[in-house]
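Here the sequence shown stands for residues 16 to 215, numbered as in the working numbering. Even for Gly, the Cβ is constructed at its ideal location relative to N, Cα and C.
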Amino acid sequence: MFEFIKGNLVHKGLDYVVVEVGGIGFKINVSMNTVAALGETNRQVTVHTHMNVKENEITLYGFATREELSSFEMLITVSGVGPKMALNVLSTLTSSELGLAVATEDYKTIAKSKGIGPKLAQRIILELKDKIKKSMDIDQIETAETVGVMIEGNIEKDAISALMVLGYSAKESASAVRKVYQKGLTLEETVKLALRNMHG
Numbered sequence: 016m017f018e019f020i021k022g023n024l025v026h027k028g029l030d031y032v033v034v035e036v037g038g039i040g041f042k043i044n045v046s047m048n049t050v051a052a053l054g055e056t057n058r059q060v061t062v063h064t065h066m067n068v069k070e071n072e073i074t075l076y077g078f079a080t081r082e083e084l085s086s087f088e089m090l091i092t093v094s095g096v097g098p099k100m101a102l103n104v105l106s107t108l109t110s111s112e113l114g115l116a117v118a119t120e121d122y123k124t125i126a127k128s129k130g131i132g133p134k135l136a137q138r139i140i141l142e143l144k145d146k147i148k149k150s151m152d153i154d155q156i157e158t159a160e161t162v163g164v165m166i167e168g169n170i171e172k173d174a175i176s177a178l179m180v181l182g183y184s185a186k187e188s189a190s191a192v193r194k195v196y197q198k199g200l201t202l203e204e205t206v207k208l209a210l211r212n213m214h215g
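Below is the structure:
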């Protein structure tokens with residue numbers, strides 16, 4: 016029914032916001048990432064929305080980006096994952112991080128989300144892997160597959176995720192990390208070296 020709601024951000028809670036449109040305040044359930052992305056109150060915002068209709072209740076879920084909305088709508092197709100649990104995942108991981116975790120079958124990263132155990136994390140990967148790959152371009156798929164077979168534990172994956180959060184593509188991030196990573200480096204050192212490598 017609603018593609019998005021555009022109006023004045025009048026209130027922010029831990030897991031919801033209130034957006035005023037034409038004198039009506041819409042309470043919208045959101046992830047922590049969206050709370051942070053929307054910024055300060057008393058400013059115009061656009062929130063991409065998903066409406067959940069039950070017999071006696073209509074609930075709005077909102078997202079700062081279409082990518083996050085798309086991730087949410089994929090998550091709630093998974094057996095055992097409802098809207099609140101999907102928001103928990105998207106409060107822990109960005110859309111890019113979730114896509115990378117699914118594509119590389121990194122269930123431990125997904126299981127860090129509140130209410131998501133290892134078995135459910137593995138089910139999310141099983142049911143979403145093909146959908147995620149269809150939404151990624153060829154470079155991203157090749158990068159994700161490369162990341163999935165990297166030798167050193169999670170430092171490299173975490174460094175790649177950190178760079179993607181900063182706005183770099185999966186391909187750029189993986190390439191930079193592979194060039195600089197050495198055994199024994201911390202996550203912070205790896206990210207700093209990768210950034211220096213990308214910016215000469």
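Delimiting residues of the alpha helix (DSSP H) encompassing residue i
i                : result
phenylalanine 17 : First-last for phenylalanine 17: undefined, no H or E at that position.
threonine 49     : 47–53
lysine 186       : 185–195
leucine 200      : Looking at the DSSP string, leucine 200 is not in any alpha helix (DSSP H), and its letter there is neither H nor E.
glutamate 82     : 81–90
Close-in-space but distant-in-sequence residues of the same chain around residue i (CB under 8 Å, 5 per side omitted)
i                : result
valine 56        : First, the amino acid is wrong: residue 56 is threonine here, not valine. Within the same chain, threonine 56 has close Cβ partners Leu24, Val25, His26, Lys27.
isoleucine 20    : Val34, Val36, Phe41, Ile43, Thr61, Val62, Thr64, Leu75, Gly77
alanine 191      : Leu178, Tyr183, Ala209, Leu210, Asn212, Met213
phenylalanine 17 : Thr64, Met66, Leu75
glycine 95       : Leu135, Arg138
asparagine 48    : Ala79, Glu83, Leu105, Ser106, Thr109
Environment of residue i [buried if 16+ CB atoms lie within 10 Å]
i              : result
lysine 172     : buried
valine 68      : exposed
isoleucine 39  : exposed
threonine 124  : buried
methionine 89  : buried
aspartate 145  : exposed
isoleucine 147 : buried
alanine 107    : Reading off the sequence shown, one finds threonine at residue 107, where the question assumed alanine. When all chains shown are included, threonine 107 counts as buried.
alanine 185    : buried
asparagine 103 : buried
alanine 51     : exposed
isoleucine 153 : Interpretation of isoleucine 153 is limited by its pLDDT of 41, a score under 50 that renders its predicted location unreliable; no figure is taken from the coordinates.
glutamate 203  : exposed
First and last residue of the uninterrupted beta strand (DSSP E) at residue i
i             : result
asparagine 71 : Element bounds for asparagine 71: n/a, residue is neither H nor E.
valine 96     : That residue, valine 96, is in no beta strand (DSSP E); it is neither H nor E in DSSP.
Neighbourhood of residue i by C-beta, 7 Å cutoff - its chain only, sequence neighbours within 5 removed
i           : result
leucine 13  : Coverage of the chain is limited to positions 16 through 215, which leaves residue 13 absent and any answer about it impossible.
tyrosine 31 : Lys42, Ile43, Asn44, Val45
Neighbourhood of residue i by C-beta distance below 6 Å, restricted to the same chain and skipping five residues each side
i          : result
lysine 134 : none
serine 46  : Leu102, Leu105, Ser106
**OP:** For the segment 108–151, list the beta strand (DSSP E) runs that are entirely contained and at least 3 residues long, ordered along the chain.
**Re:** none
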